[in-house]
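Here is the structure we will look at.
In my numbering, the protein residues as written are 67 to 508.
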């Protein structure tokens, strides 16, 4: 049995030069994770035979912050329906959800795994959180079959949150007064999930697979995707990887990626090409607007000079075309990592120019373990943005961060972080973060 407890607190402001209000966030998040494993048969070797596993994760979110006007000494509560001018039904001051809650029996007939409950599922087509049943089979070492059926977890599910639902329609349970203030919010719906994934082959020759995903609602299909990919490493220094996802509604290639990697001694070369097309819930009007396909190409090189020195960099290009207009940007980035005298220093910098305007920046961080139970890290960051279409965000922003990690006991650690940032448009900003982690097992 294992128990993990995480508690974090954040205090910061969300402020934009173009907005008349700002958010003062004071957020407390508690997470409790419990894992229990029990063999179902008495055997001399506990690694053999079927076993039962139960996992439960609970999360409490509470925000004590305010929404305030920039030009006036006035704060409002966006969650109160009586605040007609600022009411926002999607805003929440508190939330209790269960990201994971399932029972699993594995090593059935040595090759079968069955999981029932709330679980996170991912394949070549993306991520999903589902309440359902999942069956995984690995009858042969070179063949894996994974299937899942159930109900997609939404904000309106019991102890649910919409972490991986299709973008488009917000759905909430609202009373008549709330609904009149927010006509754009739809009523809850049940979205059924069907997914299947098959992988076959050996990576030393070719490991390939295909995945299918379908989301069904009372008024028809919400999503139908199919993904395929392959990875090969016939020669040790060379790794080839390709993946693609197609939307079956309009036969559009919405995600694709091809990459290659070559390792020669201490040097690694990598080349990649990606294409992404935004997708929305087919039940929303946003699905019928033209989406700009975004292409990204990159070439990178890294060299590990010694066990404590590493240097790397990449050249990238990004372009998108919609109607008769093409946006194109190119950029460079590089990094150096050095360990010396018990210190660790990391320097990284980037610069992009093109249709979105010049932008450049750099980070310098240093880390040192002062005591066996205390680790200190400092970060200096500098960014410059030139955006002709939005002059209010132009300029240079500088920030400094100081963090300390304490090992309280063998199973308990505490992290605190303080950040200050400044820009001419917004002025001074501060944020504070604290994180406590505890784990127990027997």
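Where is the CB? At the ideal position from N, CA and C, for every residue including glycine.
These numbers were taken from a predicted model, which means no experiment stands behind them.
Only counting the same chain, and skipping five residues up and downstream in sequence, which positions put a Cβ closer than 6 Å to that of residue 265?
210 and 275
At which residues does the beta strand (DSSP E) containing residue 79 begin and terminate?
68 to 80
Taking DSSP as the reference, what is the three-state secondary structure of residue 247?
helix
Own chain residues within Cβ distance below 6 Å of residue 200, not counting five before or after
181 and 214
Complete beta strand (DSSP E) runs within the stretch 297 to 353 (minimum length 3 residues, chain order)
304 to 313, 318 to 330 and 333 to 342
So who's on the other strand from residue 93, going by DSSP bridges?
76 and 129
Considering only their Cβ atoms, is the gap separating residue 75 from residue 470 smaller than 7 Å?
no
Could you have a look at residue 280 and say whether DSSP puts it in helix, strand or coil?
strand
Considering only their Cβ atoms, is the gap separating residue 307 from residue 297 smaller than 7 Å?
yes
Confirm, please, whether the CB-CB distance from residue 505 to residue 96 is below 7 Å.
no
Which of the three DSSP states is assigned to residue 223 in this structure?
coil
Between the beta-carbon of residue 347 and the beta-carbon of residue 236, is there less than 7 Å?
no
Buried/exposed call for residue 515, threshold 16 Cβ in 10 Å:
Residue 515 is absent from the structure shown; the chain starts at 67 and stops at 508.
Going by CA-CA distance only, name the one from 248, 67, 115 and 114 that's closest to residue 101.
67
Which residues bound the beta strand (DSSP E) around residue 238?
Here residue 238 belongs to no beta strand (DSSP E), and DSSP marks it neither H nor E.
Nearest candidate by alpha-carbon position, reference residue 269, set 305, 292, 281 and 255
305
Which residues in the same chain as residue 508 place their Cβ atom closer than 7 Å to its Cβ, once the five residues preceding and following it in sequence are excluded?
67
Please give the ranges of any beta strand (DSSP E) in the stretch 417 to 452, keeping only runs that are unbroken, at least 3 residues long and fully inside the region.
425 to 437 and 440 to 451
Hey, how far is the Cα of residue 495 from the Cα of residue 107?
59 Å
Report, in whole angstroms, the separation of the C-beta atoms of residue 168 and residue 192, which I expect to be a contact under 8 Å.
In fact, because the Cβ distance is near 20 Å, the residues do not count as touching under 8 Å.
Beta strand (DSSP E) containing residue 505: first to last residue?
493 to 507
Taking the continuous beta strand (DSSP E) assigned at residue 185, which residues delimit it?
178 to 189
Tell me the DSSP secondary structure of residue 111 in three-state form.
coil
Can you check DSSP and say which residues form a bridge with residue 99?
70 and 123
Mapping DSSP to helix, strand and coil, what is residue 208?
coil
Beta-carbon separation of residue 402 and residue 413 under 7 Å?
yes
Can you tell me whether residue 140 is helix, strand or coil according to DSSP?
coil
Going along the chain, which residues of its own chain have a beta-carbon closer than 7 Å to the beta-carbon of residue 154, five neighbours each way excluded?
144
Please return the same chain residues whose Cβ sits closer than 6 Å to the Cβ of residue 123, not counting the five positions on each side in sequence.
99, 165 and 166
DSSP state of residue 466, grouped into three classes?
strand
Chain-order list of residues whose beta-carbon lies under 6 Å from that of residue 486 (same chain, five-residue window excluded):
466 and 496
Under 7 Å between C-beta atoms of residue 361 and residue 394:
no
Return yes when the Cβ of residue 92 is within less than 7 Å of the Cβ of residue 130, no when it is not.
yes
Report yes if the CB atom of residue 105 is closer than 7 Å to the CB atom of residue 173, and no otherwise.
no
Tell me whether residue 474 sits in a helix, a strand or coil according to DSSP, three-state version.
strand
Would you tell me roughly how many angstroms separate the C-alpha atoms of residue 197 and residue 280, rounded to the nearest one?
15 Å
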